[in-house]
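Trainee:
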Amino acid sequence: MSTATAATPTVTRNLKGTDSDRLRRSNKAWLFIAPFGFFYLCFLLGPSLYMFVASFFDTSIVKSGLGNFIGLENYTTLLSSSDFWSAMWHTLQFTLYTVPALVILSFVFAVLANRMQRGQTFWRLAFFTPYILPSAAISLIWVFIFTADTGLWASFQKLLGSDAPAPVLATPNLAMLGVAIATVWWTIGFNFILYLAGLQDIPRELYEAAAIDGATPWQQIRHLTIPLLNRTTTLVILLQIIASLKIFDQVYLMTSGGPGTSTETALVFITKTGFTDYRIGAAAAASFVLFVVILVIALARQLIERAQQKGA
Amino acid sequence: MQRCKARATFHPTTRDSLANDGRTDRVNPFRSTSGRTPVSRRSLLRGGLAAGGLGLAATTSGCGSALSAGLVGTQLNPGTVTFWNLFGGGDGARLLLMLDEYRRQQGSADSLVAATFAWGNPYYTKVSLATLGNKPPDVAVAHLTRATNLAAAGLLEPITEEMLGLVGLSSADFTQTAWEAGQFDGQAYAIPMDTHPWVLFYNTDVCEQAGLLGPDGKLAPIEGVEGWEAALTAAKETTGRYGAATASVADDSNSWRFVNTVYSQREGATPLMSEEGQEITMNDELMIDTLAAIQRWTETELMPRVVDTPGAETLLSQGESAFFMNGEWEITTLQSIEGLNFSMAAFPQLYENPAAHADSHAFILPRMDRDADQLERAMGFVHSLLEQGMTWAEGGHVPTYLPIFESEEYANLEPQADYAETATYASYDPAAWYSGSGSNFETVTGSQIGLVQQGLSTPEAAVASIRSQLETYARTANPL
Numbered sequence: 001m002s003t004a005t006a007a008t009p010t011v012t013r014n015l016k017g018t019d020s021d022r023l024r025r026s027n028k029a030w031l032f033i034a035p036f037g038f039f040y041l042c043f044l045l046g047p048s049l050y051m052f053v054a055s056f057f058d059t060s061i062v063k064s065g066l067g068n069f070i071g072l073e074n075y076t077t078l079l080s081s082s083d084f085w086s087a088m089w090h091t092l093q094f095t096l097y098t099v100p101a102l103v104i105l106s107f108v109f110a111v112l113a114n115r116m117q118r119g120q121t122f123w124r125l126a127f128f129t130p131y132i133l134p135s136a137a138i139s140l141i142w143v144f145i146f147t148a149d150t151g152l153w154a155s156f157q158k159l160l161g162s163d164a165p166a167p168v169l170a171t172p173n174l175a176m177l178g179v180a181i182a183t184v185w186w187t188i189g190f191n192f193i194l195y196l197a198g199l200q201d202i203p204r205e206l207y208e209a210a211a212i213d214g215a216t217p218w219q220q221i222r223h224l225t226i227p228l229l230n231r232t233t234t235l236v237i238l239l240q241i242i243a244s245l246k247i248f249d250q251v252y253l254m255t256s257g258g259p260g261t262s263t264e265t266a267l268v269f270i271t272k273t274g275f276t277d278y279r280i281g282a283a284a285a286a287s288f289v290l291f292v293v294i295l296v297i298a299l300a301r302q303l304i305e306r307a308q309q310k311g312a
Numbered sequence: 313m314q315r316c317k318a319r320a321t322f323h324p325t326t327r328d329s330l331a332n333d334g335r336t337d338r339v340n341p342f343r344s345t346s347g348r349t350p351v352s353r354r355s356l357l358r359g360g361l362a363a364g365g366l367g368l369a370a371t372t373s374g375c376g377s378a379l380s381a382g383l384v385g386t387q388l389n390p391g392t393v394t395f396w397n398l399f400g401g402g403d404g405a406r407l408l409l410m411l412d413e414y415r416r417q418q419g420s421a422d423s424l425v426a427a428t429f430a431w432g433n434p435y436y437t438k439v440s441l442a443t444l445g446n447k448p449p450d451v452a453v454a455h456l457t458r459a460t461n462l463a464a465a466g467l468l469e470p471i472t473e474e475m476l477g478l479v480g481l482s483s484a485d486f487t488q489t490a491w492e493a494g495q496f497d498g499q500a501y502a503i504p505m506d507t508h509p510w511v512l513f514y515n516t517d518v519c520e521q522a523g524l525l526g527p528d529g530k531l532a533p534i535e536g537v538e539g540w541e542a543a544l545t546a547a548k549e550t551t552g553r554y555g556a557a558t559a560s561v562a563d564d565s566n567s568w569r570f571v572n573t574v575y576s577q578r579e580g581a582t583p584l585m586s587e588e589g590q591e592i593t594m595n596d597e598l599m600i601d602t603l604a605a606i607q608r609w610t611e612t613e614l615m616p617r618v619v620d621t622p623g624a625e626t627l628l629s630q631g632e633s634a635f636f637m638n639g640e641w642e643i644t645t646l647q648s649i650e651g652l653n654f655s656m657a658a659f660p661q662l663y664e665n666p667a668a669h670a671d672s673h674a675f676i677l678p679r680m681d682r683d684a685d686q687l688e689r690a691m692g693f694v695h696s697l698l699e700q701g702m703t704w705a706e707g708g709h710v711p712t713y714l715p716i717f718e719s720e721e722y723a724n725l726e727p728q729a730d731y732a733e734t735a736t737y738a739s740y741d742p743a744a745w746y747s748g749s750g751s752n753f754e755t756v757t758g759s760q761i762g763l764v765q766q767g768l769s770t771p772e773a774a775v776a777s778i779r780s781q782l783e784t785y786a787r788t789a790n791p792l
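Going line by line, the protein sequences match chains A and B.
Under the working numbering, the first residue of the first sequence carries the number 1, and numbering increases by one thereafter.
Under the working numbering, the first residue of the second sequence carries the number 313, and numbering increases by one thereafter.
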């Protein structure tokens with residue numbers, strides 16, 4: 001027991017080399033990191049820091065400098081503003097619409113595609129292609145589909161006998177659903193590929209053994225595939241939640257936050273406050289609140305992952 | 313050095329694009345006025361074309377100077393005027409004719425680079441950010457109610473008499489109300505192009521049957537609330553459905569324009585805000601009474617409760633409503649409907665004073681370092697477009713450039729000249745950093761008024777909600 005503990009550090013030491021070696025290596029490492037580090041500092045850390053500072057000032061984009069220090073006023077105004085809370089709610093609404101659909105559908109499609117004996121490449125491509133389109137292209141496609149009265153969807157509804165189908169993107173309680181559908185179609189390919197990779201990592205023997213034991217295909221999925229893909233699922237769900245919190249493009253391009261403010265999400269609200277209303281300070285406070293929310297979710301992801309590793 | 317062909321190209325105007333709603337131009341993209349998708353396919357395509365055109369020109373026309381111009385901050389294309397605007401629909405089609413005329417005058421297709429952006433907040437955001445980034449267009453269009461905010465933000469070049477004098481203009485060449493509306497701190501910042509009031513459209517056939525026409529075949533004057541309600545009742549009896557129609561859903565700006573027109577006619581109607589928006593000075597009592605009148609009209613079905621702009625237009629064209637109220641720009645759309653006989657008039661005076669909601673389009677020069685040549689070219693462009701004011705006036709707009717406004721040709725232009733008087737008693741949005749065409753202010757007021765029109769809210773509740781929402785803005789420090 002004691003020999004084993006003594007031996008381990010020696011091995012590590014040999015691997016790492018002497019102290020001066022390590023120093024030289026880490027110097028080189030910094031050199032490699034430098035180009036990325038520079039951009040990270042200039043375009044991420046720097047602005048984030050500026051944002052945090054600006055959130056305590058009444059900074060205006062059209063005035064030079066930070067403006068007057070106003071303490072926590074931006075935060076108190078923000079947290080008591082119904083516009084901000086409705087924007088947060090719309091973000092959550094979008095998350096609730098898209099995450100389950102994106103997780104479940106991509107899993108189902110991946111399982112189906114994985115069972116295809118022939119033409120698997122075609123199916124993989126078919127599901128993944130929309131994902132490589134830019135958001136402007138998918139918005140254009142879905143604005144066409146959802147065009148009131150004459151669009152594809154309205155025509156289909158008329159075919160089914162509806163006289164005056166509600167225009168999806170112009171009806172307050174349907175607009176977000178329209179954006180969510182477009183988003184699911186657009187981004188399902190990414191999760192699909194993650195699931196497919198996960199599926200192909202599962203050894204065939206497990207299924208063979210299960211089949212010999214008399215497990216039905218459904219039982220195989222229920223007791224083999226789903227548990228073995230647990231970690232992929234956690235990853236997919238958390239990536240999806242974070243992506244949903246950052247929803248901007250599709251909303252801006254498809255509805256501009258409308259009708260009314262019924263699809264105004266957190267980032268649309270922040271953009272409007274910061275760039276349309278010129279109130280950078282207030283927008284910085286809202287950004288910081290959103291940053292904290294995303295941070296909490298990312299931490300939760302870490303904790304869940306750690307718990308899963310322990311469990312495994 | 314090779315010259316860049318960075319000219320944005322648009323499809324030639326077709327009848328179809330004229331028939332397309334003139335609304336796209338005016339609709340706040342944050343609210344869909346038309347009941348169609350807020351960003352129309354056309355505007356999205358057009359934006360794409362413009363962006364694509366510019367991008368392609370910069371990358372494919374063998375123009376190595378684009379990058380260097382960007383890096384050292386020189387002009388991309390010396391000798392060219394860059395012009396940004398927000399005109400879609402019928403207005404956009406007319407503008408293209410005027411821009412082509414300018415190119416013809418200059419004898420070169422490269423003399424102008426024009427780009428059209430989506431109406432409302434997105435447009436003003438782009439103009440602001442481009443100016444802050446020191447890459448603004450030479451000339452841009454702005455509503456007067458928004459131009460003063462841009463001026464307060466320090467984003468505009470003052471317009472001096474010397475500058476106007478470069479192309480033989482002077483401030484005396486413009487309607488004084490409009491000229492003064494473009495001033496900030498006693499200094500002019502905008503050159504007004506038109507006034508576009510909220511007006512009354514009427515179906516001539518229906519009005520004739522209902523006995524509402526005068527001997528000259530035009531709408532007989534309607535006076536006072538009683539006169540208005542009597543006219544609507546007579547019209548309703550003829551149409552069997554409604555007397556008048558205006559959008560109550562999906563167009564907050566229109567709902568606000570309706571109320572601003574009626575409210576401003578009343579004695580004692582104070583502006584909704586004063587002190588640059590820091591104080592809410594709305595006369596609650598009069599506002600409640602005004603909203604109650606409007607609710608009475610929708611509840612007695614003299615007007616429809618729930619209708620959007622295309623729907624209201626259809627009511628007029630199908631003879632199911634005698635009147636339709638909207639901005640005068642809808643003339644282009646209505647003219648494209650075959651078999652519709654309609655005309656236009658100022659919205660009747662229902663209360664003590666004449667008033668009608670209006671705003672104006674104006675030319676602005678975003679702040680940038682200009683040399684004498686650039687300035688003269690920019691002013692020359694503005695002058696050319698002002699001189700082509702008749703083309704613009706045909707689209708319904710009341711010219712503010714007096715040589716056009718006072719011309720015989722305009723006086724004979726019907727029905728446009730019939731409501732031109734409206735421009736003299738125009739009621740603009742109250743001044744505030746959050747106010748102006750398509751602004752947050754119009755969203756706040758219009759959405760509440762829409763609820764009243766639809767019978768979903770009481771006048772008292774709507775006024776209380778408007779007041780409390782505006783007070784939030786009033787308390788917020790002015791970012792300008």
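A virtual CB, placed ideally from N, CA and C, is assigned to each residue, including glycine.
In the DSSP output, which residue or residues are listed as bridge partners for Y554 of chain B?
Mentor: According to DSSP, which records beta bridges pairwise, Y554 of chain B is partnered with nothing at all.
Trainee: F122 of chain A and S106 of chain A - do their beta-carbons sit closer together than 9 Å?
Mentor: Contact flag unset, no.
Trainee: Counting Cβ pairs closer than 8 Å, one from the region 710 to 721 of chain B and one from the region 643 to 663 of chain B, do we hit at least three?
Mentor: Contact between the region 710 to 721 of chain B and the region 643 to 663 of chain B is absent, because fewer than three Cβ pairs lie under 8 Å.
Trainee: Taking buried to mean at least 16 other C-beta atoms within 10 Å of its own C-beta, is M475 of chain B buried or exposed?
Mentor: Buried, because 16 or more other Cβ atoms sit within 10 Å of the Cβ of M475 of chain B.
Trainee: Going by DSSP, what residues sit across from H669 of chain B in a beta bridge?
Mentor: Partner(s): B:S739.
Trainee: Contact criterion: CB-CB distance below 9 Å. Does P616 of chain B meet it with respect to chain D?
Mentor: No chain D appears in the structure shown, which is made up of the protein chains A and B.
Trainee: Using a C-beta cutoff of 9 Å, does P791 of chain B count as contacting chain A?
Mentor: Yes - at least one Cβ of chain A is within 9 Å of the one on P791 of chain B.
Trainee: For a test of the three-state rule: what should DSSP assign to W396 of chain B, helix, strand or coil?
Mentor: Three-state DSSP puts W396 of chain B in a strand.
Trainee: Once you ignore the five residues that flank Q499 of chain B on each side, which residues in its own chain have a CB closer than 7 Å to its CB?
Mentor: Once the five neighbours on either side are set aside, the close Cβ partners of Q499 of chain B are P470.
Trainee: Sorted by chain position, which residues of the same chain lie with C-beta nearer than 6 Å to W396 of chain B's C-beta, five sequence neighbours on each side aside?
Mentor: Only A427, P449 and A452 meet the Cβ criterion.
Trainee: Below 8 Å between beta carbons is the criterion; list the residues of the region 434 to 461 of chain B that meet it against any residue of chain A, in chain order.
Mentor: So the close ones are P434, Y436, T437, S440, L441 and L444.
Trainee: Just confirm the distance between the C-beta atoms of L441 of chain B and F275 of chain A, as a whole number of angstroms; I'd bet it's less than 8 Å.
Mentor: Correct: roughly 6 Å between the Cβ atoms.
Trainee: For the alpha helix (DSSP H) containing M176 of chain A, list its first residue and its last residue.
Mentor: Note, M176 of chain A: alpha helix (DSSP H), P172 to D201.
Trainee: Is the shortest distance between the beta-carbon of Y514 of chain B and the beta-carbons of chain A less than 9 Å?
Mentor: By this cut-off, Y514 of chain B is not an interface position.
Trainee: Evaluate G400 of chain B with the Cβ neighbour count: other Cβ atoms within 10 Å of its Cβ, from every protein chain shown; 16 or more gives buried, anything less gives exposed.
Mentor: Looking at its Cβ environment, which holds 16 or more other Cβ atoms inside 10 Å, G400 of chain B is buried.
Trainee: Using the Cα positions of A670 of chain B and A464 of chain B, report the straight-line distance between them to the nearest angstrom.
Mentor: So the alpha carbons of these two residues sit roughly 21 Å apart.
Trainee: Return the bridge partner residues of D506 of chain B from the DSSP annotation.
Mentor: The partner list for D506 of chain B (beta bridge, DSSP) reads B:P711.
Trainee: Using a Cβ-Cβ cutoff of less than 6 Å, which residues in the same chain neighbour S262 of chain A once the five nearest sequence positions on both sides are dropped?
Mentor: Hits under 6 Å: P172 and A175.
Trainee: Per the contact definition of three or more C-beta pairs closer than 8 Å, is the region 486 to 494 of chain B in contact with the region 680 to 695 of chain B?
Mentor: Not touching, per the Cβ criterion.
Trainee: Name, please, each residue of chain A whose Cβ falls closer than 7 Å to the Cβ of L467 of chain B.
Mentor: In chain order: V62.
Trainee: With a 10 Å radius around its C-beta and 16 neighbouring C-beta atoms as the bar for buried, classify K28 of chain A as buried or exposed.
Mentor: Result: exposed.
Trainee: List, in order along the chain, the chain A residues whose C-beta lies closer than 7 Å to that of S560 of chain B?
Mentor: Ordered by position in chain A, no residue passes the 7 Å Cβ test against S560 of chain B, which lies about 13 Å from the chain.
Trainee: Select from the region 256 to 290 of chain A all residues with a C-beta closer than 9 Å to any C-beta belonging to chain B, and list them in chain order.
Mentor: Listed by position along the chain: S256, G257, G258, P259, G260, T261, E264, T271, K272, F275, T276, D277, Y278, R279, I280, G281 and A282.
Trainee: What does D249 of chain A touch in chain B if you count any residue whose Cβ is under 9 Å from its own?
Mentor: Those within 9 Å of D249 of chain A in chain B number zero; the least Cβ separation is about 13 Å.
Trainee: Tell me whether F513 of chain B sits in a helix, a strand or coil according to DSSP, three-state version.
Mentor: Here F513 of chain B sits in strand by DSSP.
Trainee: Taking 9 Å as the CB-CB cut-off, is T653 of chain B touching chain A?
Mentor: Strictly speaking, residue 653 of chain B in this sequence is Asn, with Thr absent from that position. N653 of chain B does not count as touching chain A.
Trainee: Would you tell me roughly how many angstroms separate the C-alpha atoms of R578 of chain B and A604 of chain B, rounded to the nearest one?
Mentor: Roughly 14 Å separates the two Cα atoms.
Trainee: So what does DSSP say about E535 of chain B, is it helix, strand or coil?
Mentor: Reduced to three states, the DSSP call for E535 of chain B is strand.
Trainee: Is DSSP giving R306 of chain A helix, strand or coil here?
Mentor: R306 of chain A falls in the helix class under three-state DSSP.
Trainee: Just checking my contact of A634 of chain B with T558 of chain B at CB under 8 Å: how many whole Å lie between their CB atoms?
Mentor: Between T558 of chain B and A634 of chain B the Cβ distance is about 13 Å, and since that is not below 8 Å, they are no contact.
Trainee: Please report whether the beta-carbon of D412 of chain B lies at a distance below 9 Å from any beta-carbon of chain A.
Mentor: Cβ-Cβ to chain A under 9 Å: no for D412 of chain B.
Trainee: Look up M637 of chain B in the DSSP assignment and give the residues it is bridged to.
Mentor: According to DSSP, M637 of chain B bridges with B:L512.
Trainee: Got a sec, what are the start and stop residues for the alpha helix (DSSP H) F122 of chain A sits in?
Mentor: Start and end: Q120 to F128.
Trainee: Looking at the C-beta of D58 of chain A, does it have a partner C-beta in chain B at a distance below 9 Å?
Mentor: Answer yes: the Cβ-Cβ gap between D58 of chain A and chain B drops below 9 Å somewhere.
Trainee: Smallest Cα separation from Q607 of chain B: which of B:P791, B:Q766, B:D403 and B:S420?
Mentor: Closest by alpha carbon: B:Q766.
Trainee: According to the Cβ coordinates, are D564 of chain B and I761 of chain B closer than 9 Å?
Mentor: For D564 of chain B and I761 of chain B, yes; Cβs fall inside 9 Å.
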